[in-house]
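Written out below as structure tokens is the structure these notes cover.
2 protein chains.
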Amino acid sequence: MTSADRLSTTLSALADPTRRAILARLTMGEASVNELLAPFSISQPAISKHLKVLERAGLITRGREAQWRPCKLEGSALKDVADWLEPYRRFWEERLDRLDEHLRQLQAAKGSKHDQRK
Amino acid sequence: MTSADRLSTTLSALADPTRRAILARLTMGEASVNELLAPFSISQPAISKHLKVLERAGLITRGREAQWRPCKLEGSALKDVADWLEPYRRFWEERLDRLDEHLRQLQAAKGSKHDQRK
DNA sequence: GCTGTACATATCCGACTGGTTATATTTCCA
DNA sequence: TGGAAATATAACCAGTCGGATATGTACAGC
Chain A
1 MTSADRLSTT
11 LSALADPTRR
21 AILARLTMGE
31 ASVNELLAPF
41 SISQPAISKH
51 LKVLERAGLI
61 TRGREAQWRP
71 CKLEGSALKD
81 VADWLEPYRR
91 FWEERLDRLD
101 EHLRQLQAAK
111 GSKHDQRK
Chain B
1001 MTSADRLSTT
1011 LSALADPTRR
1021 AILARLTMGE
1031 ASVNELLAPF
1041 SISQPAISKH
1051 LKVLERAGLI
1061 TRGREAQWRP
1071 CKLEGSALKD
1081 VADWLEPYRR
1091 FWEERLDRLD
1101 EHLRQLQAAK
1111 GSKHDQRK
């Protein structure tokens, strides 16, 4: 799989609120399928499918403990996303800079008036 | 649209290599549809669809200049992704791995890890 | 006006997605 | 040994996706 395809797989795995909720739960530690199922009103096979997608994307790994298949968060795939995102940082920080500049101009305009309250 | 849905829309827009390539091109400045089309061997309507997806996700904005519709990168949607990603950083950074492992061992030592909740 | 250019929209198609229910598999335990 | 629990797999369905081709719309310049 090419690097672009891997990133696509990861991002599309993340583009689902249920799967992101699963990842959020896993930040608190490993969990079984049933534990991950509990907060949702969907069927168990649906969760198993989500876990398969997350595993395929490298976002989780799975162990074996008797009849349990504990899930564990795997950070490295998220790092790929962060690394892709990084070069774009200036495009949202720049925006904030401009907003900040704008706010300072507003502030200056306000300060030049006698009555600062509406 | 809820916050989760907006993030899902953004992530699924990013989960396509063609759309990410379009964003990469736009880091070098605004571009027309034809300019964005050039590097790809897909049809013009296909690019228009991709641009619609990117616009809906808030990743680009579009102007009007005669018969051209220049596209411009919009960083704020990417910031949403970065903000979502940030709490997961400790899961890929090496420095905290030992602490994390330690915490997970403590958690495991508490036992009854796999109690069923239903 | 007329023509060419830039782009959007409509429609269709095959592949994929996220959900379901039903069933199979693996493992523990009484 | 046999049942219950945890999980996986199979089959199905409706909706979405990314592509195509064909056509429509808006504007520039002659």
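The listed protein sequences derive, respectively, from chains A and B. So the first sequence is residues 1 to 118, counted in my numbering. So the second sequence is residues 1001 to 1118, counted in my numbering. Heads up, the beta-carbon is just placed ideally off N, CA and C, and yes, glycines get one too.
Within chain B, not a single residue places a beta-carbon under 8 angstroms from that of Leu54 (chain A); the smallest gap is close to 13 angstroms. In this structure, DSSP gives Ile1060 (chain B) an extended state, which the three-state scheme calls strand.
For Pro45 (chain A), there are no neighbours in chain B by C-beta distance under 9 angstroms, as the nearest C-beta there is about 16 angstroms away. The beta carbon of Leu1037 (chain B) does not come within 7 angstroms of any beta carbon belonging to chain A, so the residue lies off that interface. Linking Arg62 (chain A) to Thr2 (chain A) through their CA atoms gives a straight-line distance of about 24 angstroms. The Cβ of Leu1011 (chain B) sits closer than 7 angstroms to at least one Cβ of chain A. A direct Cα-to-Cα measurement between Arg90 (chain A) and Ser32 (chain A) gives close to 40 angstroms. Using a Cβ-Cβ distance cut-off of 8 angstroms, the segment 23–31 of chain A and the segment 1013–1027 of chain B are not in contact, since fewer than three pairs of beta carbons, one from each stretch, lie closer than that value. Separation of the CB atoms of Trp1092 (chain B) and Leu78 (chain A) is rounded to 6 angstroms, and the pair is thereby assigned contact status at 8 angstroms.
Taking 7 angstroms as the cut-off, the beta carbon of Leu7 (chain A) is found no closer than this to the beta carbon of Asp83 (chain A). Per DSSP, Ala82 (chain A) is one residue of the alpha helix (DSSP H) stretching across Ser76 to Leu85.
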